Amino acid sequence: MPNINIISAGNGIENNVSLLKENNHIDTYSVGNEVIRTDEVLQKLQWISTGAEQLVNRRECIKMVSKFRGRDYVAYVDLSVPVNFGPWKFNSFPGLPVLIYDTENKLKWTLIKITNDSKTDVLEFIEQQNAYLNSLKNLSLREYVKLYDETEDGHSIILSKMSRDFQKAPGQKKKKRGGLELKFEWEREN
Amino acid sequence: MGKRELKNCNFLFAQFEISGSVKDSLNRSVDGVNILVFKNDSLKTYTFSNNGFFRISNLSKGTYKLEVSSMVYEKISKVVDLSKDEIVDFKLRDKINVIDEVIIHVERDIEIRGDTIIFKADAFNKKKNAVVEGLLSSIPGITVELDGTLKFQGELITNVKIDNDDLFEGGYSVLTKNLNAEVIDKIEVLQNYSRNPLLKNIRDTQDIALNLTLKEDRKANLFGNVELGYAEPDRYDLNGNLISLLKKSKHYVLTDFNTIGDDVVSDINGILSSKNDDQSFNLGRKESNYTLTTLNTVRPVFDNRFVNFNDSKFANVNSIFNVSDNLKIKTLGILFSDNKAFLSQNITNFITEDSFTLVEDFNTRTKDRLGLGKLSVEWDLSKNERFEYQGSYYKLRSNGLSDVVQNQIDINEDLGSTTTRHNHFIHYTSRLRDSSALVVYAKYINEAKPLEYIVKLYLYGDFFYPENESQTFEQSVSVIDSKMNLKTIQLGYLSNGTHFNYEGYLGYKNRNDAINSNLSFNDGEDVFVANDDFQNDFNLSTNLFYLNNRFRLSIGKVDVFSNINLNYNNLNIRNSETISSYYFLNTSLNLKYQPNKKHELITGFETNGNVTDARNTFNDFVQFNYRTFFRGLDDSSLLRNNVMYLNYRFGNWADKFSANLNLRYTQNKNFISSNSSISLDFNTTEQIVLDDSDNYFIGLNFDRYINFISSNFKLKTSYTQSNYKDIINNFERNVSSTNLNYGFEMRSAFNGKFNFILGTEWTKTAFKINSSKADNTNNKTFLDLDLALFETIDLSIINERYTFGNLPKNKRSYYFTNIEAKYQFKDSNF
C-alpha cells in the first residue's frame, strides 16, 4: 500500500517584514487555502561566534550559532558585507549570512543571488508589499499558533480526506510541532 | 567590608566596557551600523549603533580591534588596549563603491524552472531503494500503480527518459522496474511535455514526462551492479544492470530473473507505442490481430507477489549512437521468457429452460517466449525541421496447457500460437512560425498469428457427427490463421494562439485482415472435418479517408473545445464480394468553466460513429475456449451513439467541505449484441446488431470534515443503469441491468497515538429480464485501527467483513484480519 507522510500544506509564498521603529514583525502563513498575515513582537537574535572560519560558496565566513523558538541554528556569516538581516526572521548578524541551517538538518537557507536594484524599484516593491499585506486577514502570531496547534496545521484535516488506501507512515511525532518554530517566548513564561 | 576590599574585587573580575558615539561626516547620529569587536583576529562580540551610541560590556583586559561597517559608509577600525572602561567615537565617511552583483550556484534539493520541477534523488532516497521505481515512489507527488504506470499529482506520466533519451516510449516500466536507483542524480518532472520538441507550446497537452539524469561520477566508461535475493527453495530474484557511457554512444543492459511474481514486462506492445492519445504522433498502439481463443488465466486481485506464480527471465540491451549533433540512432533488443501457473475453481448456474450447473476446476500453465528488436533514427534536419523513423520486429511464442475437471469429466487443453509483427513508422515535422507546425507521418504494420488449439476429450455429442461416429473421436483441433496489415499516411496542421488552438489531420488508412480457420476432429487414425459453418476463409479490406479537426477557444474563464471529424469508410469483404461504404461525421462540443478555485464545471455532448471491424465481421464460427464457439455479423455495420455528460466539482481537497457530481447518458442508436445457444455440452454465440440501447450513470460524492469528532466523513453513491436486448436459446430478452453503490467512510484525525478508518459499502446488482427480476446485494465493511506505539513503531490492524447476498445464510459472511507492524529506522529524517 502506498505510504503518505504530509509534511507541510502551505502554498509556498513567504513574506517577512521587520519594522524596527514599531518593533513589529509581519509574516504570512497559510490556513487551508487562504493566506493570512500575522503580527508579532520583533525578536532580536543573538549570534555567538564559534571561532571557526570556513569558505562557503567561495566566500570567507565565520561560523556562528544561535537559538530561536525551540531550534538551534548555525549560520555562516561573511563579515566583509556589512548587512545585518537574513532570510525569514533571522536578524542581528555582524555581516551577510551565506548559509543558515538548523542542527537537526531539517531547515536550510542558502544565499544564491545578490542584485543591485534602483531606488525607484525598491520603493515600488515596498508599496506593493504594503498593499498586499494590508489586504490579508490579520491575526496576532499568538492567535495563529493556537489555531495551528488545534488543527495540526490542517494536516489532520487533509489526512482524514485521503482514501483508505493511504496510510500514514510510522514515526510521526504527533504531539510535537513540526514546523520552523517549536516553542514561543510566551510559552516560556508559563 | 571596606573600600579597600572593593577595590580588590574589581581587579579580580576585570570586566570593562567600551562605549561611544557613531556620527557621520556632518556630525549626525548614525543608526544601525555594525560594530564588530575582534580579539586576536577572531570575532569576539558585536553590536549595533542605536541613536548614534553603542556600548559593549563584559570585556576582559586585552587588545581589541573595533570595526565599524555599513553598506553606505567606509569601514573604520580602531585598536583599543583595554584596562579600564574606554570611550571610542567614530566619524563615518560616505562609501563610494557598492557591493558587486553576484549569482551563486548552489545545488538545491528541489528546484523549479518554469515548467520543470527538479528533485535531487539522494535527498529523497531515504529507504535506499534498489530500483528506480522505489525511488520514484518516494518523490513527493509521484505515485506508482501496480502495473508500473506513473502519475504526478494525479496526472499520467507518458514517458520516462534517461539522460534525455527515451528508450521505451510508453513501456517505461521496463526501465523503472530494472534500473538501479543508485545511479540516478536528479529526477526532472517535465510538465506540459511534448514528445515532439518542435510541437512544444503548439499542441495542447497535459502530458508529463520524467527525465532521469545520471550521477557525474558515474559517467565513467563502464559501471553496473547486481542485486540478488533468495528466499525458500525456488524463490529468487536476480537483477543486474550494466551502463556504459562513452563519448559518442551510450549503452544500457538490463537483466532480471525472478520467480517471486514480479512482472517485468507487463505490456510488450507498450514499448512500441505511446501511453497517450496524441494524434500528431500516433505510433499505433491499438492496431493488431484480435484474440480469438484463450485459456482460463484469471488471477485474484491480490498483490502479485502472492498470486503471480512465475518463472521470468528478461534481458535487454539498448544502444544510443550520437552520430552527429543532429543525428541520433537508437537500437533496442529484448529476449524474454516467462512460465506462469494459474489455478481457479468456478461454479456457475445457468437458468435456461433446461437449467444446469457448471463446475470447473482449472490448472493452467503458460509459457511465453519473446524476441524483439527495434531501431530508431532521430534527425534534426534544421532548427525547424525534424525527421524520425522507427522500425521494429518481434516474435512471440505462447504455449499453454490446461487440465480442467468439468462436472467430473477430465479435459486437457493445449493452445499454441506464434505472433510475428513488423512495424515501420516515419514522421516529419516542420515548425512554420513560432506557433504553428506541419506534421506528416506514414506507418506500416504487418502481423501474423497462426494458432492451434487442441481439446482432448471430444465433448460435443452429436452436434457435428451422429453419435455412432463421434463416439470414437478423441480430440478436437482448431486451427486459426490470423493476418493483418495496415498502411496509413496522415498530414496534419497545428496552430496555437493566445485564445485559440487548432489541430487538423487529413489521412488515409488501409487495413487488411484475413482470418482462416478450420475445426476438425480425429479418432487417432482419421481426420473428420466439421461442417462449413465452422470453417473461415475470411478476408476484409478496409479503406478509411478522414479529416479530423479539433478546436479550442478560451474566452475569459471558459474553455470551449470541439471536435469535427469527417470519415469515409469503404469495406470490401473479399470472399462474399460485399462492398459497403459509409460516410459519417463524429462531432463533440465540450465546455469547461472554472470561475475560481472553488468551482469547476465540465460538460459536453458527443456523437460518435464506428464501423465494425474484422473481429465483428468474420462470418463462420471459431473456437473461443473448450466449450464456446463464436462468430461475427453477417455484414458490416455503422454503429452510432450519442453521449452527454456533466461533471461538477465544488471545493477542493483542502476545504472542509467538498463535493463531486458526475452525470453521463449514452444512447446507442445501434449496438452489437449476441444471439447465443447455451447448453451443458457447449455454447455458440453469434454477434448481431440491434437497435436502441442506453446507459445512465450518476455519481455523487461528499466530503465533510467534522470538527467535534476530529474526523472526515465521506459519503459516496453511484447508480448506473443499462438497457439492452439480446437473444439466448431463441428467447428474446429485454434486459435492464442496474448497479447501485452506496456507502460511507469515516477517517479520524486525532492528535494522539490512535486513529481509525471505518467504512461500509453496499453494492446492489439487479437484473430485470422481460418480466422476471433478480437482485443481489453484497457488502464490504472495514475497520482499520492505527496505533503509534512508540515514536518508531506503528501497528495497524485491518479488519474486513465481506457479505455475499447470493450465498446460503450460514455461509454468507467472511471475516479477515490483517496485522502489520512497521519499524522506522532512527537515522531517517522523515
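Keeping their order, the protein sequence lines are chains A and B.
One point on numbering: in this note's numbering, the residue at position 154 of the first sequence is 154, and numbering is uninterrupted.
If you count the second sequence from 1, you need to add 1000 to reach this note's numbering.
Glycine is no exception: its CB is placed at the ideal position from the N, C-alpha and C atoms.
Computed from a predicted structure; not experimentally measured.
| request: Using a Cβ-Cβ cut-off of less than 7 Å, list which residues of the segment 42-72 of chain A approach chain E; keep chain order. | output: In the structure shown, chain E does not exist; the protein chains are A and B.
| request: Compute the distance between the beta-carbons of residue 1712/B and residue 1483/B, then report whether it is under 9 Å. | output: Within the second sequence, numbered from 1, the residue matching residue 1712/B stands at position 712. Within the second sequence, numbered from 1, the residue matching residue 1483/B stands at position 483. Cβ atoms of residue 1712/B and residue 1483/B: not closer than 9 Å.
| query | Run through DSSP, which three-state label would residue 1636/B get? | reply | Translated into positions along the second sequence, residue 1636/B becomes position 636. Coil, per DSSP.
| message | Under 9 Å, Cβ to Cβ, is there at least one residue of chain A near residue 1020/B? | response | Within the second sequence, the letter at position 20 stands for residue 1020/B. It does not; no Cβ of chain A falls within 9 Å.
| task | Give the C-beta separation of residue 69/A and residue 181/A to the nearest angstrom, bearing in mind that I take them to be a contact with Cβ-Cβ under 8 Å. | result | Working through the first sequence from its first residue, we reach residue 69/A at position 69. Working through the first sequence from its first residue, we reach residue 181/A at position 181. About 4 Å separates the two Cβ atoms, so the contact holds.
| Buried or exposed: residue 1087/B, going by 16 or more other Cβ atoms within 10 Å of its Cβ? | The residue given as residue 1087/B occupies position 87 in the second sequence. Classification of residue 1087/B: exposed, given that the 10 Å Cβ count is below 16.
| query | Would residue 85/A pass as a contact of residue 18/A if the rule is Cβ separation under 9 Å? | reply | Here residue 85/A corresponds to residue number 85 of the first sequence, with the count starting at 1. Here residue 18/A corresponds to residue number 18 of the first sequence, with the count starting at 1. Taking 9 Å as the Cβ cut-off, residue 85/A and residue 18/A qualify as a contacting pair.
| request: Assign residue 1427/B to one of two classes, buried (16 or more other C-beta atoms within 10 Å of its C-beta) or exposed (fewer than that). | output: Along the second sequence, one-based indexing puts residue 1427/B at 427. By the neighbour-count rule (16 or more Cβ atoms within 10 Å), residue 1427/B is buried.
| said: Going by DSSP in three states, residue 1707/B sits in which element: helix, strand or coil? | reply: Position 707 of the second sequence, counted from the first residue, corresponds to residue 1707/B. Helix at residue 1707/B.
| Should the segment 1196-1206 of chain B be regarded as contacting the segment 1174-1185 of chain B, the criterion being three or more beta carbon pairs within less than 8 Å? | no
| field | Residue closest to residue 54/A, alpha-carbon to alpha-carbon, out of 46/A, 75/A and 39/A | value | Here residue 54/A refers to the residue found at position 54 when the first sequence is read from its first residue. Checking every option, the nearest Cα to that of residue 54/A belongs to 75/A.
| message | Does the contact criterion of 3 or more C-beta pairs under 8 Å hold for the segment 1639-1646 of chain B versus the segment 1510-1518 of chain B? | response | no
| message | Tell me which residues share the same chain as residue 50/A and place their Cβ nearer than 7 Å to its Cβ, disregarding the 5 neighbours each side in the sequence. | response | In the first sequence, residue 50/A corresponds to position 50, counting from 1. Once the five neighbours on either side are set aside, the close Cβ partners of residue 50/A are 63, 64 and 65.
| query | For residue 1526/B, does the count of other Cβ atoms within 10 angstroms reach 16, so buried, or fall short, so exposed? | reply | In the second sequence, counting from the first residue as 1, residue 1526/B sits at position 526. The residue in question, residue 1526/B, is exposed, as its Cβ has fewer than 16 Cβ neighbours within 10 Å.
| field | For residue 1247/B, three-class secondary structure by DSSP | value | If you number the second sequence from 1, residue 1247/B lands on position 247. In the structure shown, residue 1247/B sits in coil (DSSP, three-state: anything other than H, G, I, E or B).
| field | Proximal chain A residues relative to residue 1046/B, where beta-carbon distance stays under 7 Å | value | As a working mapping, residue 1046/B is identified with position 46 in the second sequence. 94, listed in chain order.
| query | With distances taken from CA atoms, which of 1409/B, 1109/B and 1166/B is nearest residue 1185/B? | reply | The residue given as residue 1185/B occupies position 185 in the second sequence. Looking at the Cα atoms, 1109/B is the closest of the given residues.
| Collapsed DSSP secondary structure at residue 1470/B in the structure displayed | Working through the second sequence from its first residue, we reach residue 1470/B at position 470. The answer is helix: DSSP assigns residue 1470/B an H, G or I state.
| task | In angstroms with no decimal places, state the Cα-to-Cα distance between residue 1420/B and residue 1446/B. | result | Locating residue 1420/B in the second sequence gives position 420, where the first residue counts as 1. Locating residue 1446/B in the second sequence gives position 446, where the first residue counts as 1. Cα to Cα, the separation comes out at about 8 Å.
| message | If the cut-off is 7 Å on Cβ atoms, which residues from the segment 1679-1709 of chain B count as contacting chain A, listed in chain order? | response | 1703 and 1705
| query | Taking a cut of 8 Å between CB atoms, which residues from the segment 1735-1753 of chain B lie near chain A? | reply | 1745, 1747, 1748, 1749, 1750, 1751, 1752 and 1753
| said: So residue 111/A contacts chain B; which residues on that side make the cut at Cβ distance below 7 Å? | reply: Translated into the one-based positions of the first sequence, residue 111/A becomes position 111. Near residue 111/A (Cβ distances below 7 Å), the residues of chain B are 1104.
| query | Would you call the segment 1587-1597 of chain B and the segment 1614-1628 of chain B in contact, with 3 or more CB pairs under 8 Å? | reply | no
| query | Leaving out the 5 sequence neighbours to the left and right, which residues in its chain are closer than 6 Å to residue 1095/B when beta-carbon positions are compared? | reply | Residue 1095/B sits at position 95 when you count from the first residue of the second sequence. For residue 1095/B, where only same-chain residues beyond five positions count, the Cβ hits under 6 Å are 1072, 1073 and 1074.
| message | Let me check understanding here. Comparing Cα to Cα, which of 59/A, 106/A and 95/A lies closest to residue 73/A? | response | Mapped onto the first sequence, residue 73/A falls at position 73. Selected option, being the one with the closest Cα: 106/A.
| request: Could you tell me whether the Cβ of residue 1712/B comes closer than 9 Å to any Cβ of chain A? | output: Here the question's residue 1712/B lines up with position 712 in the second sequence. Interface residue, yes.
| Delimiting residues of the alpha helix (DSSP H) encompassing residue 124/A | Within the first sequence, numbered from 1, the residue matching residue 124/A stands at position 124. Note, residue 124/A: alpha helix (DSSP H), 119-135.
| field | Within chain B, partners of residue 23/A - CB distance below 9 Å | value | In the first sequence, counting from the first residue as 1, residue 23/A sits at position 23. The contacting residues do not exist; residue 23/A stays about 13 Å from chain B at best.
| query | With DSSP run on the structure shown, which of helix, strand or coil describes residue 1113/B? | reply | Here the question's residue 1113/B lines up with position 113 in the second sequence. Residue state, collapsed to three classes: strand.
| Taking any Cβ of chain A, which residues in the segment 1029-1061 of chain B have a Cβ under 7 Å from it, in chain order? | 1034, 1036, 1042, 1043, 1046 and 1048
| residue 79/A CB to nearest chain B CB: under 9 Å? | The sequence position of residue 79/A within the first sequence is 79, counting from 1. Cβ-Cβ to chain B under 9 Å: yes for residue 79/A.
| residue 1530/B in three-state terms, based on DSSP | Taking the second sequence and counting its residues from 1, the one referred to as residue 1530/B is at position 530. Coil, per DSSP.
| field | Close beta carbons around residue 1746/B, own chain, < 6 Å, minus the five adjacent residues each side | value | Here residue 1746/B is taken as the residue at index 746 of the second sequence, counted from 1. Closer than 6 Å at the Cβ level, and outside the excluded window around residue 1746/B, lie 1711, 1713 and 1758.
| said: Out of 1728/B, 1727/B, 1779/B and 1737/B, which one is the CA nearest neighbour of residue 1720/B? | reply: As a first step, residue 1720/B is located in the second sequence; it is residue number 720 there, counting from the start. Of the listed residues, the one whose Cα sits closest to residue 1720/B is 1737/B.
| said: To the nearest angstrom, how far is the alpha carbon of residue 1222/B from that of residue 1417/B? | reply: Counting from 1 along the second sequence, the entry for residue 1222/B is found at position 222. Counting from 1 along the second sequence, the entry for residue 1417/B is found at position 417. If you take the alpha carbons of residue 1222/B and residue 1417/B, they lie about 40 Å apart.
| message | With a threshold of 9 Å between beta carbons, is residue 1101/B in contact with chain A? | response | Counted from its first residue, the second sequence places residue 1101/B at position 101. It does; some Cβ of chain A falls within 9 Å.
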